[in-house]
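Enquirer: Chains as they are written, first to last, in numbering that gives the first Met the number 0: chain B, 0 to 379; chain D, 0 to 270.
Ideal placement from N, C-alpha and C gives every residue a C-beta, glycine not left out.
Keep in mind it's a predicted model, so treat the numbers as computed, not measured.
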Amino acid sequence: MGSLGSIRRTFSPWTDPDAPAHIRFENITKNFGDFTAVNNLSLTIYEREFFALLGASGCGKSTLLRMLAGFEDPTAGRILLDGQDLAGIPPYRRPVNMMFQSYALFPHMTVAQNIAFGLRQDRMPKAEIEKRVGEMLRLVKLEGYEKRKPHQLSGGQRQRVALARSVAKRPKVLLLDEPLGALDKKLREETQFELMDLQQDLGLTFVVVTHDQEEAMTMADRIAVMNHGEICQVATPAEVYEAPASRFVADFIGNVNIFDGIVTDRDDTGIMMVADGGFEIQASNPGKTEKGHQASFAIRPEKIRISAEAPRSPDVNHISGEVWDIAYLGDMTVFHVRLDSGKIIRATTINDARTTEAALTWEDRAWISFSPDAGVVLTA
Amino acid sequence: MNSVWSRFNIVSVVLGFAFLYTPIVLLVIYSFNESKLVTVWAGFSTKWYVEMLNNRGLLDAAWVTAQVAFLSATVATVLGTMAAVVLTRHMRFRGRVLFTGMIYAPLVMPDVITGLSLLLLFVAMGLGRGFLTVTLAHITFSMCFVAVVVQSRLLTFDRSLEEAAMDLGAPPLRTFLQITLPVILPAVVSGWMLAFTLSLDDLVIASFASGPGATTLPMKIYSQVRLGVTPEINAVCTILIAIVTLGVIAASLVNKRREVQRLRDEQSAAR
Numbered sequence: 000m001g002s003l004g005s006i007r008r009t010f011s012p013w014t015d016p017d018a019p020a021h022i023r024f025e026n027i028t029k030n031f032g033d034f035t036a037v038n039n040l041s042l043t044i045y046e047r048e049f050f051a052l053l054g055a056s057g058c059g060k061s062t063l064l065r066m067l068a069g070f071e072d073p074t075a076g077r078i079l080l081d082g083q084d085l086a087g088i089p090p091y092r093r094p095v096n097m098m099f100q101s102y103a104l105f106p107h108m109t110v111a112q113n114i115a116f117g118l119r120q121d122r123m124p125k126a127e128i129e130k131r132v133g134e135m136l137r138l139v140k141l142e143g144y145e146k147r148k149p150h151q152l153s154g155g156q157r158q159r160v161a162l163a164r165s166v167a168k169r170p171k172v173l174l175l176d177e178p179l180g181a182l183d184k185k186l187r188e189e190t191q192f193e194l195m196d197l198q199q200d201l202g203l204t205f206v207v208v209t210h211d212q213e214e215a216m217t218m219a220d221r222i223a224v225m226n227h228g229e230i231c232q233v234a235t236p237a238e239v240y241e242a243p244a245s246r247f248v249a250d251f252i253g254n255v256n257i258f259d260g261i262v263t264d265r266d267d268t269g270i271m272m273v274a275d276g277g278f279e280i281q282a283s284n285p286g287k288t289e290k291g292h293q294a295s296f297a298i299r300p301e302k303i304r305i306s307a308e309a310p311r312s313p314d315v316n317h318i319s320g321e322v323w324d325i326a327y328l329g330d331m332t333v334f335h336v337r338l339d340s341g342k343i344i345r346a347t348t349i350n351d352a353r354t355t356e357a358a359l360t361w362e363d364r365a366w367i368s369f370s371p372d373a374g375v376v377l378t379a
Numbered sequence: 000m001n002s003v004w005s006r007f008n009i010v011s012v013v014l015g016f017a018f019l020y021t022p023i024v025l026l027v028i029y030s031f032n033e034s035k036l037v038t039v040w041a042g043f044s045t046k047w048y049v050e051m052l053n054n055r056g057l058l059d060a061a062w063v064t065a066q067v068a069f070l071s072a073t074v075a076t077v078l079g080t081m082a083a084v085v086l087t088r089h090m091r092f093r094g095r096v097l098f099t100g101m102i103y104a105p106l107v108m109p110d111v112i113t114g115l116s117l118l119l120l121f122v123a124m125g126l127g128r129g130f131l132t133v134t135l136a137h138i139t140f141s142m143c144f145v146a147v148v149v150q151s152r153l154l155t156f157d158r159s160l161e162e163a164a165m166d167l168g169a170p171p172l173r174t175f176l177q178i179t180l181p182v183i184l185p186a187v188v189s190g191w192m193l194a195f196t197l198s199l200d201d202l203v204i205a206s207f208a209s210g211p212g213a214t215t216l217p218m219k220i221y222s223q224v225r226l227g228v229t230p231e232i233n234a235v236c237t238i239l240i241a242i243v244t245l246g247v248i249a250a251s252l253v254n255k256r257r258e259v260q261r262l263r264d265e266q267s268a269a270r
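#1: From the DSSP output, in three-state form, read off V207(B) for me.
#2: Would you list, in sequence order, the uninterrupted beta strand (DSSP E) runs of no fewer than 3 residues that lie entirely inside the stretch 61-91 of chain B?
#3: Looking only at C-alpha atoms, which of A104(D), I23(D), G15(D) and V37(D) sits nearest to P230(D)?
#4: Assuming contact is defined by CB atoms lying nearer than 7 Å, are T64(D) and T215(D) in contact in what I supplied?
#5: Measure the CB-CB distance between G54(B) and M225(B) and report whether it falls below 7 Å.
#6: Whose Cβ in chain D lies nearer than 8 Å to the Cβ of K168(B)?
#7: Report all residues from its chain with a CB closer than 7 Å to the CB of L199(D); omit the five preceding and five following residues, and keep chain order.
#8: Considering C58(B), what are the terminal residues of the alpha helix (DSSP H) in which it resides?
#9: Should F105(B) be labelled buried (16 or more other beta-carbon atoms within 10 Å of its own) or exposed?
#10: Between Q151(B), T360(B), K168(B) and R164(B), which lies nearest to R122(B) when the distance is taken from Cα to Cα?
#11: Quick one: what's D372(B) bridged to in DSSP?
#12: From the beta carbon of S30(D), is the nearest beta carbon of chain B less than 7 Å away?
#13: Could you spell out where the alpha helix (DSSP H) holding Q150(D) opens and where it closes?
#14: When the cut-off is 7 Å and only beta carbons count, does N96(B) lie next to chain E?
#15: Would you mind telling me which residues of chain D sit closer than 7 Å to Q120(B), beta carbon to beta carbon, in chain order?
#16: Is R270(D) buried or exposed, if buried means 16 or more other CB atoms sit within 10 Å of its CB?
#17: Flag H210(B) as yes if its beta-carbon sits less than 7 Å from any beta-carbon of chain D, otherwise no.
#18: Between the alpha carbons of L184(D) and P171(D), how many angstroms are there, rounded?
#19: Between the stretch 87-101 of chain B and the stretch 169-176 of chain B, do at least 3 Cβ pairs fall closer than 8 Å?
#20: In chain order, what residues of the same chain have a beta carbon less than 7 Å from the beta carbon of G276(B), not counting five sequence neighbours either side?
#21: In the DSSP assignment, what residue or residues form a beta bridge with Y327(B)?
#22: Does E162(D) have its Cβ less than 7 Å from a Cβ in chain B?
#23: To the nearest angstrom, how far is the alpha carbon of A237(B) from that of I257(B)?
#24: Tell me whether the stretch 124-141 of chain D and the stretch 82-93 of chain B touch, counting them as touching only if at least three CB pairs, one residue from each stretch, are closer than 8 Å.
#25: Quick one: does the C-beta of T38(D) sit closer than 6 Å to a heavy atom of the ligand HEM?
#26: Using a C-beta to C-beta distance shorter than 8 Å, which residues of chain D count as neighbours of G90(B)?
#27: Would you kindly check if the distance between the Cβ of I305(B) and the Cβ of I367(B) is under 7 Å?
#28: In the DSSP assignment, the alpha helix (DSSP H) including Q281(B) goes from what residue to what residue?
#29: Only counting the same chain, and skipping five residues up and downstream in sequence, which positions put a Cβ closer than 6 Å to that of I114(B)?
Next comes the structure, spelled out in structure tokens:
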């Protein structure tokens, strides 16, 4: 896919076929009675990667994490950590630590005792434990709180203690189950960046489970989008957004307009297709389409231009409709345009000037247009 | 809330509390009666308390009761807690529902039946009736109460605490001792106190399971009453009431204090 999105990456072991796998799920299946939580799933995660498992609740992402931690045994398949099969190794002997969604702080222990708990289990000398606890408190900016009990802390402080406790043992892998789910929006955004810095500083592998696509996009090197116990796509945030592998992924991440139609012409450089209402779409990436078969064209709202007059260039796809709804969000404006076929199209414009005369208003006729490479052709 | 006391409210409160406490108040008053006759008031005196302290039989019975109650409550707490942990933790073993039902059944079993069946068992085993048998009998029936109290606490216990402890390297037994037990300790303690009181005031099962040389206080009181109620018995009962009242007040004061402290902590954390 070359250069999708605007971020240039220096860390991308997944593009190197010789890079050693850090965590490998091999054909993992997990059944709970009749319910299949994870279905024949394989996945490789590399060292020092910030990896996100993203999906709606019940998609199997938490089960996958719990199998890695050792709280659930896979029904079939195996999990390898640095080449070692984890089967039969109980949670208390695995070199991975987990930060729980509920934080699971021990209510009868102080902050310092909570952080020291894991170190005490390893019989670390007392002086060293004290030193490490001090380091951890500095790391999460909670110096002076060591004598407090968990119920004497605010939600954000509890989250930091949970984090400090789970990294205190310097695990090979840190598992985070919805780490920011209990925080309010503002604090969540700050903490996202703090988590990224922490991961850089410690050089650990992070595997985070989340249902929040924005959170996954912000923090992760790669995202695995999951649905019904299977992986739909594993890719960088930019690839998942700009080149979704299926309708499900396109729909799950961000907003998208999807035109369904029949392919009328196809060669290696692109296709022509006809969507509802005879709308002819020219697309520059043919995908796995076949002439005469069904295909869908997915395009993000910000890649659609909206104007009062028809575009002059004949090369862009364009169709007219009626302005149905306008939502002003400050940084951008969202237009809903109703095509003559009845389909509603979402288009956004960036408000990069403070005062612009609005060219369009409700019930105006408007043209939407987009270039052939602005969207992606999907067959699944 | 209605702050004005209507006549109806006053009457209901007086009637309700009179119904509950008249017998006890009468008993306490007559323990300070000068006369030997229980129903005739002849002036204030503490002589029956002195008499009681000189009654060897009563004091022995009280000592036996205290020992039996302490021992049986302790053993019942250990066994009951273990049963509760197994029943709430291991969700999927065969016959769990049956076992849970069997834990609850002795709660509603008439004491007479429990006592009789234990008596038959002890006779069949050739166990001489005495201190050991009455203690065993009390463990048997109070264990279920402990199990129920602890189980209800465990149902609201956040399992991720145990998972976190294991994740940090604590094997199952250490997890139980360092995390689970401290957190559920209040429930275990109240289970112990429940078992202790149950053993303290049990008459029926003790009469079946106990033998000569291990007469408990309730048995002693009952047998003396059959020979006629003396103010001495009233004195013993007054002391028992005093002990229980003090215990209840102390426990609720401690609870209240902890609650207030906790509330204050949470408010300061929210700031």
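Expert: According to the structure shown:
#1: V207(B): strand per DSSP, three-state reduction.
#2: As far as the stretch 61-91 of chain B is concerned, its whole beta strand (DSSP E) runs of at least 3 residues are 75-80.
#3: When only C-alpha atoms are compared, the closest one is V37(D).
#4: Yes, the pair counts as a contact, with Cβ atoms nearer than the cut-off.
#5: Contact annotation: G54(B) and M225(B) have beta-carbon atoms nearer than 7 Å.
#6: In chain order: L167 and G168.
#7: Once the five neighbours on either side are set aside, the close Cβ partners of L199(D) are T64 and A68.
#8: No alpha helix (DSSP H) contains C58(B), which DSSP labels as neither H nor E.
#9: Taking all protein chains shown into account, F105(B) has 16 or more neighbouring C-beta atoms within 10 Å of its C-beta and is therefore buried.
#10: Closest option to R122(B), Cα to Cα, is K168(B).
#11: Within the DSSP bridge table, the entry for D372(B) names no partner.
#12: Not flagged as an interface residue toward chain B: S30(D), since no C-beta distance is shorter than 7 Å.
#13: Note, Q150(D): alpha helix (DSSP H), F130 to L154.
#14: Protein chains in the displayed structure are B and D, and chain E is not among them.
#15: Those are L167, G168 and A169, listed as they occur along chain D.
#16: Only weak support exists for where R270(D) lies, its pLDDT of 48 falling under 50; the coordinates are left without a value.
#17: Judged by the 7 Å Cβ criterion, H210(B) is not in contact with chain D.
#18: Spanning the two alpha carbons is a distance of roughly 18 Å.
#19: At 8 Å Cβ cutoff, the stretches touch.
#20: Scanning its chain for C-beta atoms nearer than 7 Å, with the 5 sequence neighbours on each side dropped, one finds around G276(B) the residues L338, D339 and S340, in chain order.
#21: In the DSSP output, where bridge partners are listed per residue, Y327(B) has T332(B).
#22: Interface annotation, E162(D): in contact with chain B, CB-CB separation under 7 Å.
#23: Within the model, the alpha-carbon separation for A237(B) versus I257(B) is close to 19 Å.
#24: No, they do not touch.
#25: Absence of the ligand HEM is noted for the structure shown, with no ligands found whatsoever.
#26: A small fix is needed here, since residue 90(B) is Pro in this sequence, not Gly. Residues of chain D passing the Cβ test: E162, M165 and D166.
#27: Their beta carbons are under 7 Å apart, which means I367(B) touches I305(B) by this criterion.
#28: Premise fails: Q281(B) lies in the beta strand (DSSP E), F278 to A282, not in any alpha helix (DSSP H).
#29: Apart from sequence neighbours up to five positions away, the residues of its chain that approach I114(B) with a beta-carbon distance below 6 Å are V132, M135, A163, R164 and A167, ordered along the chain.
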